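Take a look at the structure set out below.
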Amino acid sequence: MIRNNDKYSLSGAELDRLAELAKLSFSDEEKEALGRDMSEIVAFASKLSEADISEDDCRFDAAGTPNTLRDDTVREGIDREALLASSKNASDGYIRVPKVIEEQN
Amino acid sequence: MKELLKRDAASHAVSLRAGEYSSEELTRAYLERIEESDGEIGAFITVTADKAIASAKASDMRRLEGKALGIFDGVPIAVKDNICTRGTLTTCASKMLADYIPPYSATAVERLERAGILVLGKLNMDEFGMGASTENSAFKITRNPYDTSRVAGGSSGGCAAAVAAFEAPWSLGSDTGGSVRQPASFCGAVGMKSTYGRVSRSGLVAFAPSLEQIGPITKNVRDNANLLSIIAGADVKDATSLNVGDEDFSRDIGRDVRGLRVGMPRELFTENISDGVGRAVMRAAKILEDAGAEVTECSLPSAEYALAAYYVISSAEASSNLARFDGVRYGHGSNNFDGIDEFYKSSRAEGFGTEVKRRIMLGTFALSSGYYDEYYKKALGVRSLVKRDFEKLFEKYDILLSPVSPSVAYRIGEKTKNPTDMYTGDLFCVPANIAGIPALSLPCGTGEYGMPAGVQLMGKRLSESLLYRVGAVIEDAEGGGV
Amino acid sequence: MSGREYEMTVGIEVHVELDTKTKIFCSCSSSFGGEPNTRCCPVCMGLPGSLPALNAQAVEYAVMAGLATGCKISRRSAFDRKNYFYPDLPKAYQITQYNTPICKDGSVDIETEQGRKSIGITRIHIEEDAGKLIHGGDGMTLIDFNRCGVPLIEIVSAPDMSSSEEAKAYLKKLRALMLYIGISDCKMNEGSFRCDVNISVRRAGDSALGVKTELKNLNSFTFAKKAIDYEFERQTAIIEAGGRIEAQTRRFEESDGKTYLMRSKESENDYRYFPEPDLLPIELSENMIKRISENMPRLPDERKAEYISSYGISTYDAELLVSDKSVSDYFEACAALTPYRKTLANLILSELMRFVEGDGFASHISPSNLAELATLAGEEAINASVAKKLLRRLWESDESPLAIVERENLRQINDVVWLTNLTLKAIAENPKALSDYKAGKTVAAKSIIGKVMSKTGGLANPSLLSDIVLAELDK
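Protein chains in written order, with this note's numbering: chain A, 1 to 105; chain B, 106 to 587; chain C, 588 to 1062.
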């Protein structure tokens, strides 16, 4: 990202990297508009760096209460047909996708 | 238009009980109204006429047998299309979910069903809740019933328009950064964003889970309080739902406001506020003052950062939440089958609209290595700051009064060009989402172009009953809700 | 090969599937197998609008794992999302603990031929398992989400191991510990105990660590050891040849014992971890931690110390007994029924262990029968070879050893007069043995002992007999 007196500009390569992470694809035209819009929003968001906050403030604490825990008791789920009904890729109780080779994680 | 359509939910409840009309008659009246006017308004994505009539008949049967499920048994409602309804399309106004029929219902919908309230259909919105005008729907634009050349607001534009157009007595929306309150104010309705955790989010298709709540849009304050009482409550399916016991939020309506301390945070009275909106807020202040409240100016210094924090946090969460839409188990799957990676990319590129992709990209940016500390983490810090500011304010004030939006409903197409311009419209609403506090939006007279103008009341956590009490005082002075 | 100039540094990440009834964030059954996609619901299939609800048992099991490995238990820990796209991951993020693991800073002691060593445990965190991919022959991959959402803990060791033997000992010890506390069945073939090994090589004496590679698909302790040995050789050869080690993830191939490149670490995803907004932090009260720790089963080190101090069993034997929980449990069940624990330990370690893997003992010989046998042997009512033979018979039938001994007159003969008479007779019949013995061939005594022993049908007390024979020969 190039910074020049409050002007921010996301490079094409950076947009490509983000699109790869987000599994999105854009035409060149779309990318240009996106780059412009995002640069503007990012510039706006850079205001955050002016806020007077401590490291402790940056902890996530949405509700301020601890988690409630669930009992370890089996309950029937929803039957397979209903769960797979929305998938165009279901057959024989499985979901099929284009072949995946490399093992992740 | 049938006269009974002008009545609020509470009046329907009374009439159903008195046998003045049946739930089936009432439901058919709304369905006819939808048929007649929604072509122009565009509030509904799906109308579930057959199911609604069947439910209405069942309700009438229960009532006949003296087994009504509660005072609102047989009253219809309409629900935003990002709230799951078992067996009924739930599209989030996205091409991605154009055919999606969920196999389970949201907890809030189950609670409606338990109260005998029946669903007329699903309401239009900005795709996945991302937008403030319902112009970002993949299917259609929702028009403001007060002036159809104007937007209904958003993202719950369909919810507010349906109520304002007499297509439903009340509706359920969702509010991530003003998505219930702003359309309510654009359409002259009452909208509530409750304390974070009041209403279960189970079955609400997530946009930004740490910020959002399902919330009622109604004709008046009392209906709103009643509807919130029905949908609120702890839920084992939502770990963030609060275990604070059930509450009748209408219990304090009718009490006066004498001695209440009302603050007006000067940071929420920005220069871009229209005269009409400014007048509405000042009028509300005057009403409260006349009723014996002390109204003074105060300060919410972190407000200037809240909007930036909101966009960073909501986009970051959205980038992760919307990653599950990959075309595999549900939703739009591309015909491009050339490898799994291409399948993901083309399914998502084809299924999502421009604004959704923009926010996913922004959120991916804010979380990506190299930028996380500067954007996402900083935004969390600002979040703490905003919370602290509110806590301090609520030591001195019982409620805070502000505008909901800088202007009344604007013209369709007027603000679509520049995203940040559109975003700044959310300035007054997002602090409540950031801090998790309740906020009520209600009409207060008319602003420019004869359009409704609204005001916002904010209170500390769990103070919904107080907000309704104060709201009702303003509403009464204005001649009462419709 | 100049292996001695190089040393390896090994750290291990182990994923343990927790033996809860339900999945970590929903109430679907978490048991292994089942028809595809039948143990699923909106939550574990990642349907829109579904939310996670944390399983209390999974949290308790994770705390137990931490206590068993001497970790500090975090009073407050939280979940994060790890974002990446993959067909076995329905939400496109894994819920895990990145910033604040539930346990940290522990250690596990291992025993190798080089002696005892303490291996540090950096952290233990809770996370969800992914679904299963089945690669079809038709260019498609099939997905089964039954395993998706099964609770896992990941136990991350410090890079404290410096040989494949140590790595293997660590894995065995860790697995034993998990079985002792009963939080997992630890079946490596079903994937409920899986390990990834990080290994780097450096010149002996260098202070900086080398570039590490990560090894995957290690489905047994033996494979893990083989993979480490292979990888050490491979990396050493590259350095020797002046090359540089690349940070890689490599897959162990069982068929040829080699490792193959899966992907380079540089191409690794940017996972964009951030706090999971759908779950609030886990807060554990001091009371809750205390309750869990009071209910912890006895761990191997504690049992071992007890065997040594109370039963007089050797350190080596005690270590062997506790290395497998089922063996240790069986030993204890028997030990409660006989005062002769050393004899008992010998019977188990030198005889029974040869017959079958640990789990099978109790189903073959009841603890009361084995205890009775140990008592008979300990009281010298039978001799060692009879004890051995009886053990084999008990394996086949369910008879009481005492009944067999009585019925078949298998009691050890301690009658000095009778044994002396038999000895004198044997010497008289074998004059050559006597002359050989007198000429200094002491082995000749053995043939006399053998002859007498066979006359008694193998029942003579061997040490008593030996004393008598030597005394008579010396006369």
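Glycine included, C-beta positions come from ideal geometry on N, C-alpha and C.
The structure presented is a predicted model; accordingly, all values stated were derived computationally and were not measured.
Using a 10 angstroms sphere on the CB of glycine 718/C, the tally of other CB atoms reaches 16 or more, which defines it as buried.
For leucine 506/B, the secondary structure class from DSSP, reduced to helix, strand or coil, is strand.
Residue-level contact by beta carbon holds for leucine 83/A and chain C, with a gap shorter than 8 Å.
For the pair glycine 830/C and glutamate 752/C, the Cα-to-Cα distance works out to about 27 Å. Here the C-alpha atom of isoleucine 579/B lies approximately 35 Å from the C-alpha atom of alanine 198/B. Judged by DSSP secondary structure, phenylalanine 26/A falls outside any alpha helix (DSSP H); it is assigned neither H nor E.
Out of Phe233/B, Leu277/B and Thr196/B, the CA that lies nearest to the CA of leucine 217/B is found in Leu277/B. The region 492 to 509 of chain B and the region 66 to 81 of chain A do not touch, with fewer than 3 CB-CB distances between them shorter than 8 Å. Here glutamate 833/C is exposed: its Cβ has fewer than 16 other Cβ atoms, across all protein chains shown, within 10 Å. Under the DSSP definition of a beta bridge, histidine 712/C partners with Glu741/C. Here the alpha carbons of glycine 576/B and glutamine 287/B stand approximately 16 Å from one another. Out of Ala745/C, Thr836/C and Lys812/C, the CA that lies nearest to the CA of leucine 796/C is found in Ala745/C. Contact note: alanine 679/C reaches chain B through Ser425, Ala428, Arg429 and Asp431, using a C-beta cutoff of 8 Å and chain order. Taking 7 Å as the Cβ-Cβ cut-off, the region 868 to 886 of chain C approaches chain A at Pro868, Ile869 and Glu870, given in chain order. For glycine 35/A, no chain C residue has a C-beta closer than 8 Å to its own C-beta; the minimum C-beta separation is roughly 19 Å. In the structure shown, the three-state DSSP call for glycine 564/B is strand. What isoleucine 826/C touches in chain A, judged by beta-carbon distance under 8 Å, is nothing: the nearest beta carbon there is about 27 Å away.
A straight-line Cα-Cα distance of about 7 Å links glutamate 460/B and methionine 235/B. Annotated three-state conformation of threonine 728/C is strand, per DSSP. For serine 49/A, the chain B residues whose C-beta falls within less than 7 Å of its own C-beta are Glu479 and Lys483, listed in chain order. Per DSSP, phenylalanine 499/B is not a residue of any beta strand (DSSP E); the alpha helix (DSSP H) it occupies stretches across 483 to 501.
Taking C-beta separations shorter than 6 Å and ignoring five residues to either side along the sequence, the partners of asparagine 331/B in its chain run Ser355, following chain order. DSSP places aspartate 667/C in the strand class (E or B) of the three-state scheme. With a threshold of 16 other beta carbon atoms within 10 Å, glutamate 863/C meets it and is buried.
Distance from the Cα of leucine 934/C is smallest, within the candidate group Asp904/C, Lys912/C, Asn670/C and Tyr593/C, for Asp904/C.
Not a single C-beta of chain B is nearer than 8 Å to the C-beta of asparagine 686/C.
C-alpha of arginine 75/A to C-alpha of lysine 608/C: approximately 10 Å in a straight line. Serine 771/C and leucine 605/C do touch by the CB rule: their CB atoms are close to 6 Å apart, below 8 Å.
Distances from the alpha-carbon of aspartate 143/B to those of Ala161/B, Ala267/B, Val304/B and Pro508/B put Ala267/B closest. When Cβ-Cβ separations below 8 Å define contact, aspartate 857/C makes contact with chain B. Of all residues in the region 330 to 347 of chain B, only Val341, Lys342, Asp343, Ala344 and Thr345 place a beta-carbon less than 7 Å from a beta-carbon of chain C.
Of all alpha-carbon atoms in Ala396/B, Ala537/B, Thr529/B and Leu485/B, the one lying nearest the alpha-carbon of glutamate 583/B is that of Ala396/B. Per DSSP, isoleucine 182/B is not a residue of any alpha helix (DSSP H); the beta strand (DSSP E) it occupies stretches across 181 to 185.
No Cβ-Cβ contact shorter than 8 Å links phenylalanine 470/B with serine 507/B. Setting aside the 5 residues that flank it on each side, alanine 183/B is surrounded in the same chain by Leu225, Gly226, Leu228, Ala267, Ala273 and Ser276, each with a C-beta closer than 6 Å to its C-beta; the list follows chain order.
In this structure, the CA atom of glutamate 30/A is about 14 Å from the CA atom of serine 39/A.
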